[in-house]
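Pasting the structure below:
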């Protein structure tokens, strides 16, 4: 009788272990799918820049960047003024990948909701000054 009980117990334990392994594999697969989806969406947001408004519906907004502002604060200002609708983390990544990291300059700028982030960064770095107010030279 003891051998039959041991065999039944072992079979139950082996079956439970098999089911547990399958559940762990399913959970890992779901985590990988979620991580992949999140990474894809983040990358898509960074590289597929869309303006907030179309060219016909764009609105001009005057913003002022001070010397004390960092790129995160500039991004928050752009979000608050409705110029971009990206997440702040996405904006920071766009600045980093655009080549304008550390090149945003203080001044008063006229931006439009129909511009992409790259177009705004080009203006904020003073690489494109067309239609922009004349910037005062820094006081020495």
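Numbering (my numbering), first residue to last: 22 to 161.
The C-beta atom is built at its ideal place from N, Cα and C for all residues, glycine as well.
Taking a contact to mean a Cβ-Cβ separation below 8 Å, would you say residue 133 touches residue 81 in this structure?
yes
Is residue 39 helix, strand or coil when you go by DSSP?
helix
Is it buried or exposed, residue 107, if we count other Cβ atoms within 10 angstroms and call 16 or more buried?
buried
So which of 104, 128, 135 and 140 has the shortest CA-CA distance to residue 120?
140
At 4 residues or longer, and completely inside the segment 64-152: list those alpha helix (DSSP H) runs for me, N to C.
92-101, 109-119 and 138-145
Give me the Cα-Cα distance between residue 147 and residue 125, rounded to the nearest whole angstrom.
8 Å
Please report the distance separating the alpha-carbon of residue 151 from that of residue 144.
8 Å
Inspect the beta-carbon positions of residue 113 and residue 96 and report whether they are closer than 8 Å.
yes
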